[in-house]
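Numbering (the UniProt record's numbering), first residue to last: 1 to 624.
From the three backbone atoms N, C-alpha and C, an ideal C-beta is built for every residue, glycine too.
The next block holds one structure in the form of structure tokens; read it before the comments.
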């Protein structure tokens, strides 16, 4: 017992030092916010948000030396030492995280503090690529059928596949047809796995699933995950290539620790400037060509509404004058999961003890290998559990070699918002065992929510209401996912591996017969967790009554304003969303370049032909 107590406090001290370092670094970085030049008065393009999308857009637009690009990021730029893969989750709830929380949920999250879901979101240059589990998964080809523009065929399956491939940097681990020589995104096979992942693959094969490359086959099945990691075992983040080119690109300015408050709109609904806060002062900067919002599903919706673009009732409550009536903040969707620590193992495969072992540090810093390179996810699957075998899969399964109890209560329970009572009465009972998790992830929720400004503090954190599990079909799908996890655990492969299903009853569900559908209904509604994949609040589409941007990502009813991030997704991909966000950024960058070249071409022809009427009618356009 004494040794366990000593180890617990040692581990706690290590985490404390890590978080203190982050806080101190962020505070000091605020003193010198610019990575390349101070903010001028005017730029051709202003990009708001330097995450997965914004960093890519800045990189692509600044390829043209004839345009000036300003990237504004609310968070800091962090040193490479923080890009140790396994430490990613420790950054959640730190100063590198926006630390969003949903409002109390009516139908779910009963086992979480205040019935509220914690939503990690990167407040750092590079965004959530600093915090996530690095899984690279594109989704199923059927996901994008509803995205396609019927007139231009933009966002067709072939179109999005081209941009998925353009985004990825070629390396020996990737087929040449699935990458680009000037790609930005690093994709490799997982650098470190235990035997758990291969056991899950054998189990999935045993019950009839195919082992296949989900990123190229277009099929359902299981695989060892591909991850965003470099050849030295370091986490890839969206800002890495951007920072490398900064010194060479004099037309690119990146400013960190800048909080954008709103977009300024003038005659003809033209977005002409960005209002931001830097060092407690409110300032503005003008855009000649376009302003691009890439602040994420929550952030982009908030900034639009503060700018007067959104539903009138929401803006009126926050005392914001409406300029443009659009359904901003609606259509909020998220991948929901459940099923923590439902697998018990006979031996410990991965725990916090591995991370504090000096040999693990040696393997990472000297060889670029070992437990520090782990993202904990050792197998992923896409499956159909409904009757629509021809459509998109309804569940993703993520096999994780650790459980919530694996760190002894030091961190995971806090980052997930698990209530103290549920920890004490359930998860703490598992700390002396070895737990693992196969998460069933709801890929296409029918429960849809919204993001709204907080009327009491419009500039503060917005009101996030995903309405988790308000549709009973979502509960039924997650229960089918738990049943599938049971089937996997009961296979010969998993039994030989020493795995068994956790039969401890969850507190709050004791009055229900264990393993009945009613019990699992109760379980799912208590342990309702986000995989932090929110999308959809600035939906792409044709109908201005239900969408915010068109298929060229231009905000309806406005000029010179685009949104390029996860918020434009009309529906969810059957995958972790980061790959799709970067695909959208690549596609959006090309759309901007196309419009820029059209305008430049028109100007040249006009000058040569002295305002030829045919050219004038063809080229006399604003952004929309």
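- prompt: Quick one: what's got a C-beta closer than 6 Å to residue 188's C-beta in the same chain, skipping five residues either side?
  reply: 173, 229, listed in sequence order.
Legend entry - Three or more C-beta pairs below 8 Å linking the segment 237-256 and the segment 46-63: Touching, per the Cβ criterion.
Give every residue of the same chain whose Cβ lies closer than 6 Å to the Cβ of residue 351, excluding the five residues on either side of it in the sequence, and list them in chain order. Around residue 351: 406.
Next item on the list: Starting from residue 45, trace the beta strand (DSSP E) both ways and give me its first and last residue.
Entry: Per DSSP, residue 45 belongs to the beta strand (DSSP E) from 42-48.
**Item:** Inter-residue Cα distance where the pair is residue 116 and residue 434
**Value:** The straight-line gap from Cα to Cα measures roughly 28 Å.
Length of the line joining the Cα atoms of residue 507 and residue 111 | Rounded to whole angstroms, residue 507 to residue 111 spans 9 Å at the Cα level.
> Quick one: is residue 282 buried, meaning 16 or more other Cβ sit within 10 Å of its Cβ, or exposed?
Replying inline: In summary, residue 282 is exposed, with fewer than 16 beta-carbon neighbours lying within 10 Å of its beta-carbon over all protein chains present.
Of all the options 456, 481, 186, which has the alpha carbon lying nearest to the alpha carbon of residue 647?
Residue coverage of the chain in this structure runs from 1 to 624, which leaves residue 647 outside it and unanswerable.
Taking the beta strand (DSSP E) that residue 432 belongs to, which residues open and close that run?
Per DSSP, residue 432 belongs to no beta strand (DSSP E) and is neither H nor E.
What did DSSP end up calling residue 192 once you bin it into helix, strand or coil?
-> Here residue 192 sits in coil by DSSP.
Contained beta strand (DSSP E) runs [length at least 3] in the segment 342-381, N- to C-terminal order: Within the segment 342-381, the complete beta strand (DSSP E) runs of at least 3 residues are 343-345.
- Following the continuous beta strand (DSSP E) through residue 465, name the residue where it begins and the one where it ends. Segment 463-465, the beta strand (DSSP E) holding residue 465.
Cβ-Cβ distance between residue 279 and residue 564 below 7 Å: Not a contact, by the Cβ cut-off of 7 Å.
* Asked: Could you check where the beta strand (DSSP E) with residue 265 kicks off and where it finishes?
  -> From DSSP, the beta strand (DSSP E) with residue 265 extends over 259-266.
| request: In the DSSP assignment, find the unbroken beta strand (DSSP E) run with residue 284 in it and report its ends. | output: Per DSSP, residue 284 belongs to the beta strand (DSSP E) from 281-293.
Rounded to a whole number of angstroms, what is the C-alpha to C-alpha distance between residue 577 and residue 265? Distance between the alpha carbons of residue 577 and residue 265 is about 31 Å.
Whole alpha helix (DSSP H) elements within the segment 308-343, 4-residue minimum: 312-317, all fully within the segment 308-343.
Requested in this report: With distances taken Cα to Cα, identify the nearest neighbour of residue 587 among 73, 144, 154, 66.
Outcome: Distances from the alpha-carbon of residue 587 to those of 73, 144, 154, 66 put 154 closest.
Notebook entry, point to check: Using a Cβ-Cβ cut-off of 6 Å (strictly less than) and excluding sequence neighbours within five positions of residue 643, which residues of its own chain qualify?
Noted result: With the chain represented from 1 up to 624, any question about residue 643 goes unanswered, as that position is not in the structure.
Query raised in the report: Would you say the segment 295-315 touches the segment 326-340, given that touching needs at least three Cβ pairs under 8 Å?
Result: Short answer: they touch.
Review point. Skipping 5 residues on each side, what residues in its chain have a beta carbon closer than 7 Å to that of residue 83?
Key: Scanning its chain for C-beta atoms nearer than 7 Å, with the 5 sequence neighbours on each side dropped, one finds around residue 83 the residues 234, 235, 237, in chain order.
Practice item. Just tell me which of 415, 257, 135, 194 has its CA closest to the CA of residue 226. Key: Among 415, 257, 135, 194, the Cα nearest to that of residue 226 is on 135.
Taking only the alpha-carbon atoms, compute the straight-line gap between residue 504 and residue 426 and give it to the nearest angstrom. If I take the Cα positions, the gap works out to 8 Å.
>> I'd like the list of long-range same chain contacts for residue 590, defined as Cβ closer than 6 Å, with 5 residues on each side in sequence excluded.
In response: Short of 6 Å from the beta carbon of residue 590, and not among the five residues preceding or following it, lies no beta carbon of its own chain.
Notebook entry, point to check: Under the rule that 16 or more other beta-carbon atoms within 10 Å means buried, what is residue 207, buried or exposed?
Noted result: That one is exposed.
| request: Leaving out five residues on either side along the sequence, give the residues of the same chain with a beta carbon under 6 Å from the beta carbon of residue 49. | output: Leaving aside the five residues that flank residue 49 on each side, the residues in its chain whose CB is nearer than 6 Å to its CB run, in chain order, 294, 295.
- Query: DSSP on residue 385, reduced to helix/strand/coil?
  - Reply: It is coil, neither helix nor strand.
Notebook entry, point to check: With 16 other CB atoms within 10 Å as the buried threshold, where does residue 256 fall?
Noted result: When all chains shown are included, residue 256 counts as buried.
- request: Select from 556, 159, 597, 403 the residue whose C-alpha is nearest the C-alpha of residue 502.
  value: Closest option to residue 502, Cα to Cα, is 403.
Next on the checklist: DSSP has residue 440 in a bridge; who is on the other side?
Outcome noted: Paired residue(s): 397.
| message | With H, G and I counted as helix, E and B as strand and the rest as coil, what does DSSP make of residue 418? | response | Residue 418 falls in the strand class under three-state DSSP.
Three-state class that DSSP yields for residue 479 in the structure shown: Looking at residue 479 - three-state DSSP - the assignment turns out to be helix.
Does the structure place the segment 115-129 close enough to the segment 528-537 that three or more beta carbon pairs sit under 8 Å?
With the cut-off at 8 Å, the segment 528-537 and the segment 115-129 touch.
### Query
From residue 499 to residue 345, what does the alpha carbon distance come to, in whole angstroms?
Straight-line Cα distance between these residues: approximately 5 Å.
Inset, instruction - With a 10 Å radius around its C-beta and 16 neighbouring C-beta atoms as the bar for buried, classify residue 196 as buried or exposed. - result: By the 10 Å Cβ count, residue 196 comes out buried.
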